[in-house]
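Single-structure report; data block below.
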Amino acid sequence: MDTAARYLRYSPLAFVLLAGCALIQDDPSQVRIVNPQQAELAQVIHLANSGWPTARWWEGYDDAQLNMLVNRALQNSPTMQAARLRISQSQSTVELAQSAMGVQATAVAAQNRLRVTNKQFTWPYSYSLPVDKNGPGTP
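Taking numbering that gives the first Met the number 0, the leading residue of the sequence shown gets 0, the next gets one more, and so forth.
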């Protein structure tokens, strides 16, 4: 087998291995939300002043089914703030699940004295120290 055929034979494997080396960002930067009143888009967009569709443009079609579907979609859709809170809650849940995957160290000690009946005592002691990628005991 000549060298060109060998390179062609193993090149798909090399491409697959290199594709696995893609850099993936852990957390994309948060997008800054612009207040719509401060955006002043009406002066920039000429269509906003000349016949731009109204807020309830779909009612112009006089279709009861379309009106029902759009109203249902508007009632069930979250606002941007609610969506942002859902994303934050999901990220917190993922971080909590990932924290349970770290190394954990536990020590338990116990002492029992039951030899003499009037001098019985038990001394339990337990200590748990979670260890994660930031070091022991860090949140």
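Every residue, glycine too, gets a C-beta built ideally from N, C-alpha and C.
Taken through DSSP and simplified to helix, strand or coil, T105 comes out as strand.
Assigned with DSSP and collapsed to three states, R85 falls in helix.
When the beta-carbon positions are compared, P77 and R85 come within less than 8 Å of each other. Separation of the CB atoms of L65 and W56 is rounded to 11 Å, and the pair is thereby denied contact status at 8 Å.
I32 sits away from M67, with the two beta carbons spaced by 8 Å or more. Here S76 carries a coil assignment [DSSP, helix/strand/coil].
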